[in-house]
Amino acid sequence: MMRALAFALLVLFATASFAGTGPEKLPDPAQEARAVALQKEFRCLVCQGESLDESNATLAEDLRKLIRARIEAGDTNAQIERYLVARYGEFILMKPPLEPQTYGLWFGPILVLLIGAGVAGMVILRARPKPQT
Numbered sequence: 000m001m002r003a004l005a006f007a008l009l010v011l012f013a014t015a016s017f018a019g020t021g022p023e024k025l026p027d028p029a030q031e032a033r034a035v036a037l038q039k040e041f042r043c044l045v046c047q048g049e050s051l052d053e054s055n056a057t058l059a060e061d062l063r064k065l066i067r068a069r070i071e072a073g074d075t076n077a078q079i080e081r082y083l084v085a086r087y088g089e090f091i092l093m094k095p096p097l098e099p100q101t102y103g104l105w106f107g108p109i110l111v112l113l114i115g116a117g118v119a120g121m122v123i124l125r126a127r128p129k130p131q132t
């Protein structure tokens with residue numbers, strides 16, 4: 000009984016590890032070019048500074064397979080984008096739209112830079128020697 004259970008678990012884990020969400024490469028060159036173009040539009044959620052096309056992260060590989068599977072299923076680029084944004088938020092887009100929800104993504108770095116410059120300016124002004132009277 001225990002052997003049968005252990006064997007069943009082994010088979011379950013072995014098949015789960017080989018179950019991919021999509022192909023590594025599409026046979027149709029036009030579809031493959033479309034997949035690569037789409038991968039460049041989405042950000043790797045692990046690396047965050049790289050696109051899915053550039054990243055070597057496991058999650059990026061899974062998302063590349065997902066994009067190819069959705070292309071094979073006949074989804075348009077807009078449908079694939081909506082699908083990924085619905086699951087991962089607009090942060091997955093390399094160029095998020097300028098909307099109130101994404102103001103932080105667009106203007107956050109500028110705000111941090113201005114705050115840092117202000118703090119540095121205050122430190123420099125306070126560190127200057129004061130004239131003696």
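Residue 69 in numbering that gives the first Met the number 0 sits at position 70 of the sequence shown; the count goes up by one each step and never skips.
Ideal Cβ placement from N, Cα and C applies to all residues, glycine included.
Which residues in the same chain as I79 place their Cβ atom closer than 8 Å to its Cβ, once the five residues preceding and following it in sequence are excluded?
Excluding residues up to 5 positions away in sequence, L37, I66, R69 and I70 lie with their Cβ nearer than 8 Å to the Cβ of I79 in the same chain.
Enumerate in chain order the residues of its own chain whose CB-to-CB distance from L62 is below 6 Å, with the five nearest sequence positions on each side excluded.
Hits under 6 Å: L51.
With a floor of 4 residues, list each alpha helix (DSSP H) that falls wholly inside the segment 34 to 86, ordered by position along the chain.
The alpha helix (DSSP H) runs of length 4 or more contained entirely in the segment 34 to 86 are, from start to end of the chain, 57 to 71.
Is it buried or exposed, L124, if we count other Cβ atoms within 10 angstroms and call 16 or more buried?
Classification for L124: exposed.
Note the first and the last residue of the continuous alpha helix (DSSP H) segment covering F106.
Y102 to A126 is the span of the alpha helix (DSSP H), which, as asked, contains F106.
Under 8 Å between the Cβ atoms of R42 and I109?
With respect to the 8 Å criterion, R42 and I109 are not classified as neighbours on the basis of their beta carbons.
Assuming L97 contacts W105 (C-beta within less than 8 Å), just tell me the rounded distance between them.
About 6 Å separates the two Cβ atoms, so the contact holds.
For L135, which beta-bridge partners are listed by DSSP?
The structure shown has nothing for residue 135, since the chain only spans 0 to 132.
To the nearest whole angstrom, what separates the beta carbons of L44 and Y87, a pair I think is in contact under 8 Å?
Yes, they are in contact, since the Cβ atoms of L44 and Y87 sit about 6 Å apart, within 8 Å.
Could you round the C-beta distance between M93 and E40 to whole angstroms and report it? I think they count as a contact, below 8 Å.
For M93 against E40, the beta-carbon gap comes to about 6 Å, under 8 Å, which counts as contact.
Proximity winner among A56, D74 and P130, relative to Q30 (alpha-carbon distances):
Of the candidates A56, D74 and P130, the one whose C-alpha sits nearest the C-alpha of Q30 is D74.
Simplified DSSP assignment, three categories, for E23
Here E23 carries a coil assignment [DSSP, helix/strand/coil].
Within 10 angstroms of its Cβ, does A59 collect 16 or more other Cβ (buried), or is it exposed?
Classification for A59: buried.
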